[in-house]
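In short: position in the sequence shown from 1, add 41, done, that's the working numbering. Heads up, the beta-carbon is just placed ideally off N, CA and C, and yes, glycines get one too. Here the structure is laid out as C-alpha cells; the discussion comes afterwards.
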Amino acid sequence: MGALLTLREDLRDLKPYVAGKLIPGLVKLSSNENPRGPSPKALEALAQAASELHLYPDGAATELRKTLAELYKLKPGNFLVGNGSDEVFTLLAGAFIRPGDHGLTAQETFSEYTFAVRLFGGVMDKVPLSQGFYDLDAIAAAIEPKTRIIFLCNPNNPTGTAFNQRQLEEFLGRVPPTVLVVLDEAYGHYAQMPDFPQSFSLLERWPNLVVSRTFSKIYGLASLRLGFIAASEAVIRDVSVVKQPFNVGNMTQKAGIAALHDLKFVNESLALNREGLEFWNQKLATRGLSPYPTQANFFCLEVGRDAQAVAAAMIEGGVTIRPLTSFGLPNAIRITTGTPEQNQLCWKALCHALDTIPTVR
Ligand SMILES: Cc1ncc(COP(=O)(O)O)c(C=O)c1O
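Right under this line is the structure:
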C-alpha cells in the first residue's frame, strides 16, 4: 500500500476558518449576526415552503433574482445567488483565477477572499490598512500585470470603517478593465454616512465591478446561507458556469424573497443597531476608549491587552466577542451590537476584563 493522499502542497500553510465562538447559553456578539433574530416574514415563508422539500429547487433562482432586480433597479441577469456570500467569492475565484494569477486585498480584512484565491492556485497580495481604513491609493498602486481580482470590504470587517462614493470612483478609474473589482458590502445596509457608495448604480459604468451582499446580517438569516452578487450580465454568465446546479435550496430562496419585502424588520434592525452604537460610544468614552469609526453592526476596539485573554475573561462574564488575533490584530477585539440587555451585559464583562487583564507593553 502506498502512503495516504495528503493535502496539496500549495495549501498546507492555510488554516481552517476561525469562526466567532458559539457557547450555548451565552450571549453571542462574536459573529455580527442580527440580535433581533430572523425576519418573521422569512419564517412564515420557510414554513410554507417546507411541503416542497421533495422537489429540487429552481437552480436559476428565478423569483429571487427577479425580486433583487426590482429592488436594485437592474435586470435579473445582473444577479447570481449563492450558498452565503462565502460561496460566491469562491465561485468568482473559480471562474477567473488561474494558477499563478494574483488577487489583491487589504491585510486586515475578511479572510475568505484569500481562501477563495488560494483554492484555485492563486496568490493573494495584501496591502495594510491605514489607521483602520482601506488604503485605496496603495491598493491601486499595488496592481500588477498578474492581478486578476481585487477584493474590497466596505464597511470593512473587522474595523467597521468605510470609504465613500468619490473614493470608490477614483479607485475604479485606476483599475484596468481586465481586473475584476469585488466590492463586498455584507454590512452595507448599516452604513450611516451620507456618501456611502451607491454601488449598484455604478455597475453600468464599470463592467468589471461586482457588488456582493448577504442575507446573514440585516435580514437575520445567517444559518440559511444566502448571499448574492450583482454585476454585468457577462460576468454573471461567466460565474454561472462554475456554479453547482442547485446551490441554493428552495426554502432559502423563498425565505430570501420574503426577507427582502420585510421592510419593517429591516428598519427596526437598523434602529436597534443605531441605538446599540450610541450606547457603546457613550460607555466607551467614560473609560477614555474610542473604537474605530464604524459604519457596520459591530465595532473594533484596540484594548492594549492580549485579545484572546480579554475574550476568555468576557466568556466568564457570559458573552462571546471576537478577539482579532486571526485578523493580525492581537490586541484588538470586535463586538457586535446587541439588544440593550445584551449590550449592558457585554459592557460589564468588558469592564471586568479590562480591570483584570494586564496591558501589553
Ligand atoms: C465582510 C463579510 N463578507 C461576507 C461574509 C459572509 O457572509 P455569508 O454569511 O453570506 O457567507 C461575512 C460574514 O461574517 C463578512 O463579515
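Beta-bridge partners of R375 (DSSP): C341 and R363.
When distances are taken from the beta-carbon of F151 to the heavy atoms of ligand 1, the shortest one is below 7 Å. Here R254 is actually not in contact with S71; their C-beta atoms are around 22 Å apart, not less than 8 Å. At the C-beta level, G229 and G317 stay beyond 8 Å of one another. Following the DSSP letters along the chain, one finds V158 in no beta strand (DSSP E) but inside the alpha helix (DSSP H) bounded by residues E153 to L160. Three or more beta-carbon pairs separated by less than 8 Å link the stretch 67–84 to the stretch 302–312, which places the two stretches in contact. Taking all protein chains shown into account, G66 has fewer than 16 neighbouring C-beta atoms within 10 Å of its C-beta and is therefore exposed.
Here the alpha carbons of N195 and R159 stand approximately 22 Å from one another.
Residue ranges of uninterrupted alpha helix (DSSP H) with 4 or more members, entirely inside the stretch 268–328 and ordered along the chain, are 274–282, 291–302 and 304–327. Under a 10 Å Cβ-count criterion, I259 is classified as buried, with 16 or more other Cβ atoms of the shown protein chains found around its own Cβ. DSSP, reduced to helix, strand and coil, places T219 outside both helices and strands of the structure shown, so it counts as coil.
The residue among L311, Q336, L342 and N338 with its C-alpha nearest the C-alpha of A326 is L342.
If you compare the alpha carbons of H95, K187 and N119 with that of P140, the shortest gap goes to K187. Distance from the CA of I277 to the CA of L313, rounded to the nearest whole angstrom, comes to 35 Å.
Cβ neighbours of N372 within its own chain (closer than 8 Å, five residues either side excluded): E343, V344, G345, R346, D347, A348 and V401.
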